[in-house]
Amino acid sequence: MNHFLDIHKTDPAALRGIIDNAAVMKSARQGRSRGAPDDDQPLAGQMVALIFEKPSTRTRVSFDVGVRQMGGQTMLLSGSEMQLGHGETIADTARVLSRYVDLIMIRTFDESVLIEMAEYADVPVINGLTDRTHPCQIMADILTYEEHRGPIKGKKVVWSGDGNNVCASFLHAAGQFGFDMTFTGPAQLDPEEEFIGLARKSGVRINIERDPHKAVEGADLVVTDTWVSMHDSQSAKERRHNMLRAYQVNEALMASAKPDALFMHCLPAHREEEATSAVMDGANSVVFDEAENRLHAQKAVMRWCLGL
Ligand code: CP
Ligand code: NVA
């Protein structure tokens, strides 16, 4: 069963195939309106359940549009309106949904929900973000980087800020796609050791550098994300902001990176907090390409899951 649970759990050849397929499918759609169907309709007759236990704009819309472009149908389900949110087990939910739908995408809090869903479902399950990782985002980001700058292999990516779920999937990708990564942020918000160790094991360089200006020296790509994620307690907001202020991505920080370094943010952004508008809207920013590429990358992920 081809579940897409995490980047480090997916074979590097499969990951490369997904990125290449996404690029081919994207270029085949050039000049078409968003609602126009693709020439081939691999998802014709297929039903996809999209389950959200957290808010979403990009994941929700890009999965929905992607399935429709490929000829399939979607069912948007909010966790709180399902029996899942009222005591039914994840295992039973997975078994039941498998009798109705061909593919399940879930955005949830605890990773164990995703893992249990995949264990008991008879259909592929896709991780649409958990507290720990966000693999679909990083597939879109790899596609975006390579569209602008060619192969990401051997490049230097710098993550500035909170070592969160999106950072974790970037570390997984470093190991699988073969790029180096430097994390710069306060020690309290370092990425989990497990993620760092796994990437290092695959032979890439993973560094931690507390000085953000030193960290971005020689960077090909600078990435950040919100300082307070959906799973973080709002009461920690002020403390997190105080810890992270020095890691804001602004023009001065970007000036320390390579002149052609790209800037990425998975969005939603809190402008003038983790990144300034000057950077977000600057010439090296590809944040809206990343958002668009969620659509193309996830279409390729779904095809891989379904073997289509
Ligand atoms: N980047 C991302 O996953 O955005 P949403 O929360 O809007 O889905
Ligand atoms: N780190 C953010 C990503 C949102 C797409 C969060 O989990 O809220």
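Per my numbering, the very first residue in the sequence shown carries number 632; after that it's consecutive. Quick reminder that beta carbons are idealized off the backbone N, C-alpha and C, glycines included.
Distance, Cα to Cα, residue i vs residue j?
i: Lys889; j: Glu848; result: 7 Å
i: Cys798; j: Glu747; result: 23 Å
i: Arg876; j: Val835; result: 29 Å
i: Trp790; j: Thr855; result: 6 Å
i: Arg730; j: Asp821; result: 41 Å
i: Pro673; j: Ala645; result: 18 Å
i: Phe810; j: Glu719; result: 42 Å
i: Gln819; j: Met861; result: 18 Å
i: Asp891; j: Val859; result: 29 Å
i: Arg738; j: Arg841; result: 32 Å
i: Glu921; j: Ala771; result: 6 Å
i: Phe740; j: Val918; result: 25 Å
i: Ile721; j: Thr688; result: 24 Å
i: Phe694; j: Ile839; result: 34 Å
i: Gly792; j: Ala850; result: 15 Å
i: Gln807; j: His639; result: 7 Å
i: Arg753; j: His779; result: Residue 753 is actually Asp in this sequence, not Arg. Their backbone Cα atoms lie some 38 Å apart in a straight line.
i: Ala804; j: Ile769; result: 7 Å
i: Asp762; j: Phe801; result: 14 Å
i: Met706; j: Leu636; result: 20 Å
i: Glu904; j: Glu824; result: 26 Å
i: Leu926; j: Gln865; result: 30 Å
i: Arg871; j: Asn796; result: 16 Å
i: Gln929; j: Ala653; result: 8 Å
Out of the options, state which residue places its alpha-carbon closest to the alpha-carbon of residue i.
i: Leu681; options: Gln768, Ala667, Val696 and Asp671; result: Val696
i: Gly666; options: Phe919, Val692 and Ile773; result: Val692
i: Gly702; options: Ile783, Glu684, Phe683 and Asp671; result: Asp671
i: Gly781; options: Ile839, Ile650 and Met812; result: Ile650
i: Pro686; options: Ser711, Met706 and Gln704; result: Ser711
i: Ala909; options: Arg925, Leu898 and Met885; result: Met885
i: Gly794; options: Thr813, Phe808 and Ala653; result: Thr813
i: Lys787; options: Ala846, Met706, Ile735 and Ile757; result: Ala846
i: Ala883; options: Ile773, Glu823, Gln704 and Thr907; result: Thr907
i: Leu760; options: Glu750, Val744 and Ala931; result: Val744
i: Glu742; options: Asp733, Val732, Thr764 and Ala725; result: Thr764
Does residue i pass the burial test, meaning 16 or more other C-beta atoms within 10 Å, or should it be called exposed?
i: Val655; result: exposed
i: Arg647; result: exposed
i: Asn873; result: exposed
i: Gln677; result: buried
i: Glu755; result: Going by the sequence as given, residue 755 is Pro instead of Glu. By the neighbour-count rule (16 or more Cβ atoms within 10 Å), Pro755 is buried.
i: His901; result: exposed
i: Phe826; result: buried
i: Pro766; result: buried
i: His896; result: buried
i: Lys784; result: exposed
Three-state secondary structure (DSSP) at residue i?
i: Met713; result: coil
i: Thr724; result: helix
i: Trp790; result: strand
i: Gln879; result: coil
i: Gln661; result: coil
i: Leu802; result: helix
i: Met748; result: helix
i: Asp811; result: strand
i: Asn758; result: strand
i: His896; result: strand
Would you mind giving the Cβ-Cβ distance between residue i and residue j, rounded to the nearest angstrom? I have them listed as a contact below 8 Å.
i: Asp669; j: Gln714; result: Their Cβ separation, rounded to whole angstroms, is 35 Å, which puts Asp669 and Gln714 out of contact at 8 Å.
i: Tyr878; j: Gly816; result: 5 Å
Does any residue of chain D have a CB that is nearer than 8 Å to the CB of residue i?
i: Ala799; result: Absence of chain D from the displayed structure is noted, only one protein chain being present.
How about residue i: is its Cβ closer than 7 Å to a heavy atom in the ligand NAD?
i: Arg689; result: No copy of the ligand NAD appears in this structure; the ligands present are the ligand CP and the ligand NVA.
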